[in-house]
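In full-length UniProt numbering, the protein residues as written are 1 to 945.
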């Protein structure tokens with residue numbers, strides 16, 4: 001934290017010379033480290049008293065709070081028998097008096113006291129200068145208030161701080177800005193090391209959130225109220241209404257006093273203050289109502305310190321001795337700085353550290369010099385003590401005191417406060433672990449870190465103007481300059497945007513949409529239109545967008561396609577017109593032909609259907625042949641029956657009756673398949689014969705790409721880059737056309753007469769073109785790109801977001817469609833070419849039916865042949881031969897049937913079912929008789945004679 005550095009004019013030159021002198025000192029250190037040979041006051045015994053120096057401005061907001069805390073820490077250390085084993089700490093005080101020059105002189109005098117640790121300063125500017133001194137003398141410098149992020153650099157190895165760097169505070173502000181959706185802030189800061197270092201980090205932090213510091217308003221310490229007034233008047237004319245105030249607590253209220261007088265603390269403004277403001281308010285016993293009225297609605301950050309009993313008791317003890325000043329967080333850091341030094345010294349001494357000093361040969365007084373540089377001595381154990389300080393880990397009043405490898409305290413955190421009424425209210429916390437939350441940071445350290453957008457939360461804020469509605473964060477700049485809008489000066493398709501003689505200067509569909517959207521904004525946006533292009537040919541839309549990105553224009557309104565390379569340099573609104581590239585070709589009517597009846601089915605479909613007709617006929621014949629006399633007869637008659645039955649089922653006119661259960665099952669399934677095929681054939685043939693068919697040699701973008709014929713595009717369209725770069729079409733094939741008349745002429749001539757085979761353009765243009773061509777040209781194939789038209793604004797322009805919302809509102813209430821109907825007409829012809837192939841039915845549509853029918857046939861045949869072979873095993877040809885021997889006694893020997901011929905099986909299958917059953921019946925009867933005769937003969941043999 002900072003105080004105003006008031007440097008008298010008469011010592012300015014002396015300060016500059018002295019600073020240059022000390023900037024040269026580290027070079028000598030590098031050359032002579034370890035070369036000090038003169039040593040004094042060295043002793044192997046532990047000393048009874050150790051000098052600790054302090055260096056800060058006593059009469060300042062931070063100094064008045066830190067002074068009693070440091071004295072209380074010294075007393076607590078010296079009275080604690082468990083620390084330093086009875087060694088006393090002696091405090092050597094030096095007052096920097098809010099001056100860089102005085103601070104440097106006091107630092108040199110402090111070093112003459114052989115201090116081993118210096119606590120302070122609170123000023124980043126003084127810390128930069130003194131760090132060069134301690135680097136040379138190897139004395140660790142522990143600051144409780146210098147927050148400049150650059151002090152953590154390797155340039156200052158002996159600088160440590162027990163407070164948090166402004167690096168974390170600026171990232172906390174960036175998270176707040178992102179949480180409320182703002183994209184630009186104005187930084188108001190004091191122009192010194194402290195202010196510049198913090199705001200530099202803020203710019204980097206906002207850039208990671210796609211936000212930025214749009215303007216840096218710097219002022220010098222001690223500037224008059226009139227200069228601050230001029231500064232705020234300037235920023236009030238700008239677009240952003242989010243102000244980040246990063247100043248020092250001693251003069252920071254002047255900013256808000258002037259802002260109040262300029263009505264900049266009203267509704268619509270956002271003020272975010274760094275930790276200087278809570279430090280000021282906390283240090284006051286009571287803040288008067290006039291001061292609080294200046295700060296209503298301000299959001300501020302304060303260093304977070306856990307609420308512990310020790311902290312509460314220390315606050316009550318210090319407030320009683322702080323005079324007019326109260327307590328703030330820097331008092332805790334000052335108290336912990338003393339204890340950090342005490343703990344480190346104890347470890348240092350226990351590890352055999354050497355509390356000795358040596359003369360530095362680089363610090364010699366020249367003849368006549370009265371600076372007494374030779375009295376400054378190097379602390380021999382400084383490097384070891386510094387390393388010991390960085391290893392410390394204990395819990396102080398401000399929380400955990402532990403350093404990470406970057407010399408930052410672990411777990412940086414802040415309270416997020418809102419100034420309301422007579423005090424402040426906490427609306428949340430920020431920590432480097434989980435960012436914004438409404439629970440204390442220490443409760444989150446035991447959980448996995450979660451920095452996602454959905455996990456960020458704050459309580460509601462009462463903003464300036466006593467409103468809870470989140471301010472928009474920006475207004476249209478009140479600098480008298482209207483919005484500069486570029487409109488493409490088109491040659492063709494002037495219905496979208498064109499020059500006009502009205503005061504507005506332009507007209508068209510795109511202009512009406514923009515005007516309707518801008519009228520829905522809750523604020524006025526003065527604007528003027530400027531035509532872009534010479535009017536002789538369509539301008540390059542890439543050049544138009546580039547001009548917007550380079551601040552030549554504030555926005556571009558027209559038929560501007562949203563493509564990737566353009567979105568990288570500008571912001572587009574929500575698309576107000578869908579678009580995509582299509583192919584347009586000339587078409588001709590296809591006349592009917594004698595073989596049109598074959599068109600409904602593809603060739604594969606015809607072959608499979610015919611095969612299944614024959615298959616089903618054959619299966620039904622096999623199933624019915626043994627039991628149905630209509631399926632018997634000479635071979636020729638049976639073949640005719642199979643063919644006739646098969647194809648007659650197409651018309652459900654078969655005269656043969658099916659008798660078997662399996663045959664009826666197969667026939668029912670097949671008739672269902674035939675019904676579906678007949679219905680589909682009839683519908684497809686009707687469509688082919690009754691619907692006008694149009695065809696073209698080019699079927700879409702694929703066939704167009706593979707050809708070598710010329711392609712027409714609109715002059716200035718992005719289609720050129722797409723066809724050449726994405727589809728690898730030779731640029732020599734591309735023909736640029738200016739207007740619809742050129743489209744018509746090029747398509748009429750065709751590729752053989754110097755025209756084009758097809759035109760590639762965006763759908764809105766093509767729809768307008770087709771509405772005047774009497775259906776002579778049609779779109780073939782689908783859209784092969786998907787995009788839209790939008791209005792282009794400069795990068796991160798908040799107007800793009802508001803205009804997108806307005807466009808959505810136009811779409812929802814129907815006004816966008818009304819504007820479309822006003823300017824654009826559509827052709828009554830079908831925009832797509834009806835292809836004959838699309839009406840043909842392929843096997844893909846019916847393979848399921850054929851599969852079911854085929855499975856039914858196979859199952860029926862399996863069951864049938866299983867039954868036949870079962871009968872054949874029972875029948876056996878031996879029985880038939882036995883009967884023949886009985887009829888012809890002359891044949892006394894039986895033929896062997898060990899090998900059954902295929903002819904016998906076929907003969908058996910060909911027999912009628914009734915004959916087989918009769919033969920099996922006779923066989924069963926003969927077997928019964930033989931068994932009876934055998935039983936009778938056995939009975940006679942066994943009876944008595």
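Beta carbons are placed, not taken as given, at the ideal position from N, Cα and C, and that holds for glycine.
From a predicted model like this one, the values you see are computed outputs, not experimental measurements.
Between the beta-carbon of residue 792 and that of residue 560 there is about 6 Å, and that keeps the pair under the 8 Å contact cut.
If you draw a straight line from the Cα of residue 264 to the Cα of residue 130, it comes to about 39 Å.
DSSP places residue 809 in the helix class (H, G or I) of the three-state scheme. Going by DSSP, residue 63 is part of the alpha helix (DSSP H) stretching over 61-78. An exposed status is given to residue 924, since fewer than 16 other beta-carbon atoms sit within 10 Å of its beta-carbon.
With respect to the 8 Å criterion, residue 279 and residue 316 are not classified as neighbours on the basis of their beta carbons. Within 10 angstroms of the beta-carbon of residue 643 lie fewer than 16 other beta-carbons, which makes it exposed.
Comparing alpha carbon positions, the residue from 137, 459 and 776 closest to residue 179 is 459.
Counting along the chain, the unbroken alpha helix (DSSP H) around residue 740 starts and ends at 740-749.
Of the candidates 423, 506 and 754, the residue whose Cα lies closest to the Cα of residue 531 is 506. The beta-carbon distance between residue 602 and residue 842, rounded to whole angstroms, is 5 Å. This is short enough to meet the 8 Å contact definition.
A distance below 7 Å between beta-carbons, with the five flanking residues on each side excluded, links residue 624 to the following residues of its chain, in chain order: 631, 658, 659, 660 and 663. Classified as exposed, residue 922 has fewer than 16 neighbouring CB atoms from the shown chains inside 10 Å of its CB. Within the same chain, Cβ atoms closer than 7 Å to the Cβ of residue 849 are found at 673 and 676, the five residues on either side in sequence being excluded.
Shortest Cα-Cα distance from residue 719 to any of 182, 780 and 541 involves 541.
Here residue 708 has 733 as same chain residues with Cβ atoms under 8 Å from its own Cβ, once five neighbours each way along the sequence are excluded.
Residue 158 sits close to residue 139, with the two beta carbons spaced by under 8 Å. Put simply, the backbone Cα of residue 273 is about 15 Å away from that of residue 260. Shown here, residue 133 sits in a helix according to DSSP, grouped into three states. Contact annotation: residue 246 and residue 199 have beta-carbon atoms nearer than 8 Å.
A residue is called buried when at least 16 other Cβ atoms come within 10 angstroms of its Cβ; residue 154 does not meet this threshold and is exposed.
If you ignore the 5 residues before and after residue 332, its C-beta comes within less than 6 Å of the C-beta of 305, 397 and 398, all in its own chain and listed in chain order. Contact between residue 759 and residue 747 holds: their C-beta atoms lie close to 7 Å from each other, under 8 Å.
When beta bridges are read from the DSSP output, residue 94 appears opposite 55. The C-alpha of residue 216 lies about 19 Å from the C-alpha of residue 300. With respect to the 8 Å criterion, residue 111 and residue 92 are not classified as neighbours on the basis of their beta carbons. The DSSP-derived three-state label of residue 548 is helix. When DSSP reads this structure, residue 276 sits in no beta bridge, so it has no partner.
Beta-bridge annotation (DSSP): residue 400 is paired with 395. In this structure, the straight-line span from the alpha carbon of residue 634 to that of residue 854 is close to 28 Å.
If you draw a straight line from the Cα of residue 203 to the Cα of residue 182, it is about 14 Å long.
The continuous beta strand (DSSP E) containing residue 713 extends over residues 711-714. In the three-state reduction of the DSSP assignment, residue 530 falls in the strand class, which pools E and B. Here the alpha carbon of residue 593 sits roughly 37 Å from the alpha carbon of residue 729.
When the Cα atoms are used, residue 558 and residue 496 turn out to be separated by approximately 7 Å. Each residue's CA atom was taken as its position, placing residue 190 and residue 250 some 12 Å apart.
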